[in-house]
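Sequence lines, in order, name chains X and F.
Residue 8 in numbering that gives the first Met the number 0 is what sits at position 9 of the first sequence, and the numbering runs on without skipping anything.
Residue 134 in numbering that gives the first Met the number 0 is what sits at position 135 of the second sequence, and the numbering runs on without skipping anything.
Beta carbons are placed, not taken as given, at the ideal position from N, Cα and C, and that holds for glycine.
Bear in mind the structure is a predicted one, so any value in this text is a computation, not a measurement.
Report on the structure given below.
2 protein chains.
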Amino acid sequence: MESPPSPHRDPDGGEARRRTATIYEVAERAGVSIATVSRVLRGTIPVAPGTAERVREAVAELRYRPSHLGRGLAERQHAANGIVFPDLSGPYYAEVVLGYESVAAELGRSVLILSSHGRPTARDMVLDLAARVDGLVVCTRTVDDETVREVAATGTPVVLIARPPVADVDTITTENRDSAARLADHLLGHGYRRFVFLGDADRSSDFAERFEGVRQVIPAIIPITCGFDEDGGFRAAEAVRLQKPDAVICGNDEVALGLTRATRGSVPVTGWDDVMAARYAGLTTVRQPMRELGARAARLLDERITGARGEPHHDILPTQLVVRSSCGPHPKEET
Amino acid sequence: MESPPSPHRDPDGGEARRRTATIYEVAERAGVSIATVSRVLRGTIPVAPGTAERVREAVAELRYRPSHLGRGLAERQHAANGIVFPDLSGPYYAEVVLGYESVAAELGRSVLILSSHGRPTARDMVLDLAARVDGLVVCTRTVDDETVREVAATGTPVVLIARPPVADVDTITTENRDSAARLADHLLGHGYRRFVFLGDADRSSDFAERFEGVRQVIPAIIPITCGFDEDGGFRAAEAVRLQKPDAVICGNDEVALGLTRATRGSVPVTGWDDVMAARYAGLTTVRQPMRELGARAARLLDERITGARGEPHHDILPTQLVVRSSCGPHPKEET
DNA sequence: TTGTAGGCGTTATCAA
DNA sequence: TTGATAACGCCTACAA
Chain X
0 MESPPSPHRD PDGGEARRRT ATIYEVAERA GVSIATVSRV LRGTIPVAPG
50 TAERVREAVA ELRYRPSHLG RGLAERQHAA NGIVFPDLSG PYYAEVVLGY
100 ESVAAELGRS VLILSSHGRP TARDMVLDLA ARVDGLVVCT RTVDDETVRE
150 VAATGTPVVL IARPPVADVD TITTENRDSA ARLADHLLGH GYRRFVFLGD
200 ADRSSDFAER FEGVRQVIPA IIPITCGFDE DGGFRAAEAV RLQKPDAVIC
250 GNDEVALGLT RATRGSVPVT GWDDVMAARY AGLTTVRQPM RELGARAARL
300 LDERITGARG EPHHDILPTQ LVVRSSCGPH PKEET
Chain F
0 MESPPSPHRD PDGGEARRRT ATIYEVAERA GVSIATVSRV LRGTIPVAPG
50 TAERVREAVA ELRYRPSHLG RGLAERQHAA NGIVFPDLSG PYYAEVVLGY
100 ESVAAELGRS VLILSSHGRP TARDMVLDLA ARVDGLVVCT RTVDDETVRE
150 VAATGTPVVL IARPPVADVD TITTENRDSA ARLADHLLGH GYRRFVFLGD
200 ADRSSDFAER FEGVRQVIPA IIPITCGFDE DGGFRAAEAV RLQKPDAVIC
250 GNDEVALGLT RATRGSVPVT GWDDVMAARY AGLTTVRQPM RELGARAARL
300 LDERITGARG EPHHDILPTQ LVVRSSCGPH PKEET
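Pasting the structure below:
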């Protein structure tokens, strides 16, 4: 007998880690060619019912699952999407990612996550991630514009979340300016006159827009810079106190919560996002549709991946003022 | 002139989506063979300094990034890990995933996430995910034991989080029974005598262990079943009221928070996990090291992937009772 | 309806 | 130190 026609080795003895079956083994077991196996699995080209049945049996018996590596290489695609965010702690990004994963999964794509954490190697990690997905979502300022452009130049579709447009990539943001103005109006209704804005407008376009929106109504508002999380808000308490504000408008809920903890609620405060903790802290805030942000990004990306050309999208999702107790007892409306 | 020796087509005209450079183009540009390019990129085998330099230049000019698909196929590995969890909402899994991503990234592995949501196709999705990673973390009861076994049988290392052992896969959990008993003791110290346990011990080993731990101290505790989230707790309020308990021990913070919202704090309550909202709600709870859970899983997985054999690990991480106001004003200790 | 064979982008083994 | 070239697992014209 000659050696078997298959160019592939037989599975090894089996004492070491068990190999996963290949299409060749399925084909051999079903007594057909690998082309036929591929056809019944993909359902592209009709196969004789009997043959198809034998193939399916072989697949089941061998517990065969096609290799994504082989398939991806042949099809020139990954069937996977990526998403980059600064950090998952704090429900904001967790929700965004969840919304993203949810529809990506529906669309048959796996999702790869990457938290930049603020690692200096973020750029490289993102470029690497981009090389193993069909499309990429970049949240906020996790990497610089240059990197975004480089990924986009590769031809890999990119969607930016909560970030100003770069080149002509798609963008999804939430409405900031108007709701910020509305929030400011509400606070003015409380009778407050002296305000502090707490956050870092230079490092987040969201924060910048919120600040602008507020300042439109309260030109004299005093900006104070701090980190994006609870700790940032907590630490800023002293600086805030020095300004003796009637109320403090914070860039997001975590900052507001941190500040509240430090001031023990002695100063009226507002946040932004409406994370779960905000409800229990009685925090007045602006709710944004975090999950929808991710979900929409996934859909948009899918359209681009599957070939949609057209002009760049720049979707803006609506937000909603949520008044609770942290901004103080509201005086009667006088209208 | 003859046609070029490379078996690969020239890049297309360039009007459509731009292709990413391949190793052949780098080799051609540097005037070497692809083998040499591969060698300088991997740094495995020494290459003449001058040659290496030329290759690096070509790589930079072409912005070449090796294809993970090609590489993975040749190396028979993915350089990626997966993690499966029921849902990312609620800070618990968000933190676990974050801890996981954090160390996985350090170890040079991408991470693929999959939320089972409770989709009926979860089993298939997990099997599919398992086929595209080198190792997999499965949280809680996202899929049945059978599926876990099937993945493990493939040879893909698996680590279970917050779930009882299956076959001989590694396991990481947090301590439940003792801390539950401690919690019960504390509540007894308040003078409470009639208790309800709110959760679903049948669908979570964590809940089951917590219930057992509590019941050790309070044999007469009344179990009531509800969903795992805020809504579950909220809806269970009526059933709880009917029992007129002195205090309610909930399986996790979200349930406790939901119940609290429904009862407006009229009944002493405790949770479990210590999520962010718990702090602001003044919830007495048991803190578990969520991020560490994920981080450790990533390390353990990496060891298995890189060849560690040995006995299965069954790590148990310590937890910590956190007393706040939700369990009521504490009477003076009398010791 | 089915099989053959070339290609997808890398790695790694032989020779040279 | 380098270059051909055979895998790796799959898809898909092209033939039969």
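- Excluding the 5 residues flanking it on each side, P311(F) has same chain C-beta neighbours closer than 6 Å at D167, D169, in chain order.
- Between V285(F) and L320(F), the C-beta spacing is below 8 Å.
- In the structure shown, the three-state DSSP call for V46(F) is coil.
- Per the C-alpha coordinates, the member of D272(X), R240(X), G250(X), Q287(X) positioned closest to G264(X) is R240(X).
- Y191(F) is outside the set of residues whose beta carbon lies under 8 Å from a beta carbon in chain X.
- Contact with chain F is absent for V102(X), since none of that chain's Cβ atoms lies less than 8 Å from the residue's Cβ.
- In the same chain as L106(X), and ignoring 5 residues on each side of it, the C-beta atoms closer than 6 Å to its own belong to D301, in chain order.
- The DSSP assignment places complete beta strand (DSSP E) segments of no fewer than 3 residues inside the region 21-98 of chain F at 79-84, in order along the chain.
- Residue pairing for C249(X): DSSP places it in a beta bridge opposite L197(X).
- The C-alpha of I112(X) lies about 16 Å from the C-alpha of S88(F).
- In the DSSP assignment, the residues bridged to P222(F) are F196(F).
- CA-to-CA, the gap between R192(X) and Y91(X) works out to about 30 Å.
- Along the region 270-300 of chain X, going in chain order, the ones with a CB nearer than 7 Å to a CB of chain F are M275, A276, Y279, A280.
- When DSSP states are grouped into helix, strand and coil, V147(X) belongs to the helix group.
- Below the 9 Å Cβ cutoff, chain F contributes no neighbours of H185(X), its closest Cβ being approximately 22 Å away.
- Within the DSSP secondary-structure output, R286(X) pairs in a beta bridge with D272(X), Q319(X).
- Proximity of P311(X) to chain F, defined by a Cβ-Cβ separation below 8 Å, is not satisfied.
- Its chain contains G281, L282, T283 as the residues whose beta carbon lies nearer than 7 Å to that of R323(X), once the 5 sequence neighbours on both sides are disregarded; these appear in chain order.
- In chain F, no part has a C-beta under 9 Å from the C-beta of A59(X); the shortest such distance is about 12 Å.
- Listed by position along chain F, the residues whose Cβ is nearer than 9 Å to that of S88(X) are P90, A93, E94, L97, M275, R290.
- Interface with chain X (8 Å Cβ-Cβ cutoff): H329(F) is excluded.
- I160(F) is classed as buried because its beta carbon has at least 16 other beta carbons within 10 Å across all chains shown.
- In its chain, beyond the 5 residues on either side, I171 have a beta carbon closer than 6 Å to the beta carbon of D314(X).
- Secondary structure at H185(F): helix, using DSSP grouped into helix, strand and coil.
- One alpha carbon belongs to H329(X), the other to H189(X), and they sit about 6 Å apart.
- Taking C-beta atoms as the reference points, R64(X) and T35(X) fail to come closer than 8 Å.
- Secondary structure at L106(X): coil, using DSSP grouped into helix, strand and coil.
- Between A307(F) and Y99(F), the gap from beta carbon to beta carbon reaches 8 Å or more.
- Below the 7 Å Cβ cutoff, chain F contributes L72 as neighbours of G69(X), in chain order.
- By the CB criterion at 8 Å, F194(F) and A121(F) fall outside the cutoff.
- For V142(F), there is no enclosing alpha helix (DSSP H), as DSSP marks it with neither H nor E.
- F233(F) places its beta carbon less than 8 Å from that of G257(F).
- For the set I221(F), D252(F), I220(F), the Cα lying nearest the Cα of G231(F) is the one of D252(F).
- For F196(F) against V213(F), the beta-carbon gap comes to about 6 Å, under 8 Å, which counts as contact.
- Residue contact with chain X for A261(F): absent (no Cβ-Cβ distance below 8 Å to any residue of chain X).
- Under the 8 Å criterion on CB atoms, S204(F) is classed as non-interfacial with respect to chain X.
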